[in-house]
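The block underneath contains the structure these notes are about, expressed in structure tokens.
Below, the structure written as structure tokens:
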């Protein structure tokens, strides 16, 4: 899954849940729950590589990667 695909999936999930009080991490978790196991593993692997870690929880690492991608795309907040 490319960064662009992550951003689109996140945006669509956020639109689907516009009437709820979900925060960014909850939306990222919904995105990850919809992924195939190999996609989740890929995101978790990329996250752990960015953090220079050898192991971590699969789901949480994948969610963190989605959040990191979204927040990086948003840029710094003034």
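In our numbering, the protein residues as written are 315 to 392. The beta carbon of each residue, even a glycine, is placed where N, CA and C say it ideally should be.
If you compare alpha carbons, which of the options is closest to residue i?
i: residue 361; options: 337, 384, 375; result: 375
i: residue 354; options: 340, 320, 389; result: 320
i: residue 345; options: 359, 377, 383; result: 377
i: residue 379; options: 329, 330, 358; result: 358
i: residue 352; options: 390, 323, 373, 327; result: 373
What residues in its chain sit with their C-beta under 8 Å from that of residue i, if we drop five residues either side in the sequence?
i: residue 332; result: none
i: residue 368; result: 362
i: residue 387; result: 317, 321
Mark residue i as exposed unless 16 or more other C-beta atoms lie within 10 angstroms of its C-beta, in which case mark it buried.
i: residue 316; result: exposed
i: residue 305; result: Lying outside 315 to 392, the shown extent of the chain, residue 305 is not represented and no answer is given.
i: residue 329; result: exposed
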